[in-house]
Amino acid sequence: MKHFDHNQQRRRVLKAMASAGLLAGIDALLPAYAQTSSGHLATPASDVPGGRPGPVTMDIAIRREGIKIAGGEASATTLNRTIPGPIVELWEGHDAVLRVTNHLAKESSSIHWHGILLPFQMDGVPGVTFPGIAPGKTFEARFPVRQYGTYWYHSHTGLQEQTGLYGPIVIHPKEPEPFSYDRDYVVQLSDWTFEDPYRVMAKLKKMSDYYNFNQRTVGKFADDIQSAGLSPTLRDRLAWGNMRMSPTDIADITGYTYTYLMNGRHPAGNWTGLFKPGERIRLRFINSGAMSFFNVRIPGLAMTVVQADGQNVEPVETDEFQIGVAETYDVIVKPQADQAYTIMAESMDRSGYARGTLAPRAGMTAAIPPLREPPVRTMIDMGMDMSSMDMGSMDGGGMQKAPGSNMAMSESRSGGMKGMQDMKHTGHDMSDMQKNADKGMAGMKGMGGMQGMEKMQGVDSMMESAGPIVARHGPDQHGPGNITVANVQRDRLAEPGTGLENVGHRVLTYSQLRNVKPMADKREPSHTFELHLTGNMERYMWSFDGKEFHEVTSPIDFPYGERVRLILVNDTMMEHPIHLHGMFMELENGQGDRLPFKHTINVRAAERVSLLITADEPGRWAFHCHLLYHMEMGMFRVVRVMDQTGANNV
88 MKHFDHNQQR RRVLKAMASA GLLAGIDALL PAYAQTSSGH LATPASDVPG
138 GRPGPVTMDI AIRREGIKIA GGEASATTLN RTIPGPIVEL WEGHDAVLRV
188 TNHLAKESSS IHWHGILLPF QMDGVPGVTF PGIAPGKTFE ARFPVRQYGT
238 YWYHSHTGLQ EQTGLYGPIV IHPKEPEPFS YDRDYVVQLS DWTFEDPYRV
288 MAKLKKMSDY YNFNQRTVGK FADDIQSAGL SPTLRDRLAW GNMRMSPTDI
338 ADITGYTYTY LMNGRHPAGN WTGLFKPGER IRLRFINSGA MSFFNVRIPG
388 LAMTVVQADG QNVEPVETDE FQIGVAETYD VIVKPQADQA YTIMAESMDR
438 SGYARGTLAP RAGMTAAIPP LREPPVRTMI DMGMDMSSMD MGSMDGGGMQ
488 KAPGSNMAMS ESRSGGMKGM QDMKHTGHDM SDMQKNADKG MAGMKGMGGM
538 QGMEKMQGVD SMMESAGPIV ARHGPDQHGP GNITVANVQR DRLAEPGTGL
588 ENVGHRVLTY SQLRNVKPMA DKREPSHTFE LHLTGNMERY MWSFDGKEFH
638 EVTSPIDFPY GERVRLILVN DTMMEHPIHL HGMFMELENG QGDRLPFKHT
688 INVRAAERVS LLITADEPGR WAFHCHLLYH MEMGMFRVVR VMDQTGANNV
């Protein structure tokens, strides 16, 4: 594929340099955990004041300096002179004092402690919780550690995160963990570009598909006509044209400019974690990418997921998982053979990969799987009601309708989707949704060429995997910031990630995540808030409810101490990892009273997701899409929780 030429050339050069030993010096520029490691993560007790884990005081310095990274040299923003930054290692039940000093000459900066429960004044979001850290100044975040697990930290100032300002957080629990392991590794995934991030954003504003070289061509159009017929091919192209989208729009920014990193190393750098055959290895996967989803697998090894977003879940054995931007997954693997294994983190659009190795000895490698074919968007992602099509003429004697396509929610999810049928949202009259199917697609009903559409887009496969329809969209009253709506909204929690629908092995889904403990707050929600994730891909505008952040005049007010339900509806045809600061969300995924905690939830195209929140953390909290350029372009809001008195002082 032509759009891989840029990275293929770079990889050839890097491999040649690696074989010649010319990359060895990069270890001096990486934190300890990013070098070839023996897997002993925790600070030895003898090195902790008092002889045991306890309070932690740590200094973090932000600098702009030249650094070797991704096989080249760049002016980057570092944390304690490294990219990624050092591990912030804390202990549950003890205090943390984190002092961040800004050594940048002319820029303000910040650090947000992603997923951490703390006073909102310590959260590190300029303009929301504090003014930022001015050049030459130090900000001290002081808070009691009230949780355990794997998290991370990053700048919340402009696009600084893309230039290197991120690092891992590991919090050791005060109680014994419900699983055991012999070695412990952080595996931090990220994306790096040698371009100025603001130049990248300017290109996206001028041409939203600037970095997408996987476009449908005239030759492909002719091939589709030959295999599917002229009429269905024209209808397909017209549908996507009306949406101002391409079915190949999987990622805004691709491997054309990105090098994908694992613990700060490019693929040829090959981060390695050591083991002895028969040991249990804990891998703490953190997606610190600015814009990249990763599909993670270790060929030859099953992975047992034991934590999601830092919180324990009942163990789930799987072969691959998709990790959205800002999510974390902790897994246990048990290599038995005296051989190396490749940790493969393939970008969701298949334009590149990050790679590392688990091995009994340093210097060992394993085969790197070839990149798989890029996925494409489907009519399901358009938010179409597939059940309205006449499937009786399909090859093979017809087709089974998608589960729940009669508008009834599936029994397995009725608990998880409770309350979705009576939601209220400004501009979306749910009672009128039935009358507002997509008129532009209605002409496809009963068309004789659907056999061709099946061949061209795999309709029957989509229908079998599509989640149940849980609601229809009402009249759209959004502004120019929202060019499309999901006419039908589906529960997609049981679906594997984009591109993993037919891989032939086990793939983790959100529906499998189950808390190890019953929920503490079993009250019915007293308030429901519904937000639509909206955008105009052609103009590269991103928003909630069609309004960019600068257009919003007031925060979203959660009443203190109340149980609230948050409904997220994705009207766009792209995934959005939505992050709420300061509080965990409980994902209504049909697991009864064992709903999993999430600080970041990936909302798929045309999906409707329900979350429960106990609003017990007073303050002003950022709420946004964690795709960095989407957040910067307006997909950002503030959630406000009043204090116990109800006073408007936050």
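Using our numbering, the letters of the sequence shown correspond one by one to residues 88 to 737. Ideal placement from N, C-alpha and C gives every residue a C-beta, glycine not left out. Being a predicted model, the structure only gives us computed values, none of them experimental.
CB-CB under 7 Å to residue i, same chain, minus the five flanking residues each way: which ones, in chain order?
i: Glu401; result: Arg601 and Val603
i: Ser267; result: Arg367
i: Thr169; result: Leu116, Leu117 and Pro118
i: Val463; result: Pro334 and Thr335
i: Ala107; result: At Ala107 the pLDDT is 39, less than 50, meaning the model places this residue with poor confidence and gives no usable figure here.
Would you decide whether residue i is buried or exposed? Buried here means 16 or more other CB atoms lie within 10 Å of its CB.
i: Val575; result: buried
i: Gly591; result: exposed
i: Arg371; result: buried
i: Tyr428; result: buried
i: Gly411; result: buried
i: Tyr285; result: exposed
i: Lys738; result: This structure leaves residue 738 out entirely; the chain is present only between 88 and 737.
i: Ala28; result: A question about residue 28 goes unanswered here, because the residues of the chain that appear run from 88 up to 737.
i: Ser613; result: exposed
i: Arg384; result: buried
i: Pro422; result: buried
i: Lys511; result: Low confidence applies to Lys511: its pLDDT is 40, below 50, so where it sits in the model is not reliable enough to give any reading.
i: Lys532; result: Summary for Lys532: the model assigns pLDDT 31, below 50, so the residue's position carries little reliability; its value from the coordinates is reported in the next sentence. Lys532 should be labelled exposed.
i: Asp730; result: exposed
i: Pro231; result: exposed
i: Asn589; result: exposed
i: Ala221; result: exposed
i: Ala121; result: buried
i: Gly141; result: exposed
i: Ala454; result: exposed
i: Thr341; result: buried
i: Met540; result: Residue placement at Met540 is flagged as unreliable, the pLDDT there being 35, under the threshold of 50; a coordinate-derived value is accordingly withheld.
Here's a check: name, in chain order, each residue in its chain whose Cβ is nearer than 6 Å to the Cβ of residue i, leaving out the five neighbours to either side.
i: Gly721; result: Trp629, Ser630, Glu635 and Phe636
i: Thr123; result: Thr359 and Ala449
i: Val403; result: Val392 and Gln599
i: His717; result: Trp629
i: His668; result: Asp210, Trp708 and Ala709
i: Ser162; result: Gly153
i: Leu166; result: Ile147, Gly172 and Gly254
i: Lys505; result: The pLDDT assigned to Lys505 is 47, lower than 50, so where the model puts this residue is not dependable; a value taken from the coordinates is nonetheless given after this. Within the same chain, Lys505 has no close Cβ partners at all.
i: Leu246; result: Pro284
Would you check whether the ligand MN has a heavy atom nearer than 7 Å to the C-beta of residue i?
i: Ala389; result: Annotation note on the ligand MN: not contained in the displayed structure, which lists no ligands.
Determine which residues share a DSSP beta bridge with residue i and list them.
i: Ile203; result: BP columns for Ile203 are empty, so no partner.
i: Tyr120; result: Tyr120 is not bridged to any residue.
i: Ala432; result: Val383 and Ala441
i: Ser196; result: Ile220
i: Gly182; result: Before going further, note that residue 182 is Asp rather than Gly in the sequence given. Paired residues: Pro231.
i: Pro213; result: Phe217
i: Glu617; result: Ile654
i: Phe723; result: His711
i: Asn623; result: Met628
i: Gln398; result: Ala395
i: Leu340; result: The residue you asked about is not Leu; residue 340 is Ile in the sequence shown. Answer by DSSP bridge pairing: none, since Ile340 is not bridged.
i: Phe372; result: Val274 and Tyr416
i: Phe226; result: Val187
i: Phe408; result: Val383
i: Glu582; result: DSSP, once it has assigned bridges, lists no residue as partnering Glu582.
i: Val594; result: Glu407
Taking the continuous beta strand (DSSP E) assigned at residue i, which residues delimit it?
i: Gln666; result: Rather than Gln, the amino acid found at residue 666 in this sequence is His. Looking at the DSSP string, the run of the beta strand (DSSP E) that includes His666 is His663 to Leu667.
i: Leu345; result: The sequence shown places Tyr at residue 345, not Leu. Note, Tyr345: beta strand (DSSP E), Tyr345 to Met349.
i: Lys155; result: Val143 to Ile156
i: His241; result: Gly236 to His241
i: Phe362; result: Unbroken run through Phe362: none, as it is neither H nor E.
i: Val557; result: Ile556 to Arg559
i: Arg448; result: Run containing Arg448: none; DSSP gives neither H nor E here.
i: Thr164; result: Gly159 to Leu166
i: Val463; result: No beta strand (DSSP E) holds Val463; DSSP gives it neither H nor E.
i: Met253; result: Note on identity: in this sequence residue 253 is Tyr, with Met being the wrong assignment. Its beta strand (DSSP E) spans residues Tyr253 to His259.
i: Val603; result: No beta strand (DSSP E) holds Val603; DSSP gives it neither H nor E.
Taking the alpha helix (DSSP H) that residue i belongs to, which residues open and close that run?
i: Lys293; result: Pro284 to Lys293
Skipping 5 residues on each side, what residues in its chain have a beta carbon closer than 8 Å to that of residue i?
i: Pro642; result: Arg707, Arg724, Val725, Val726 and Arg727
i: Pro447; result: Leu361, Phe362, Lys363, Pro364, Asp425, Gln426 and Ala427
Can you list the beta strand (DSSP E) stretches of 3 or more residues lying completely in the stretch 632-720, in chain order? 643-645, 650-657, 663-667, 672-674, 687-690, 695-701 and 706-712
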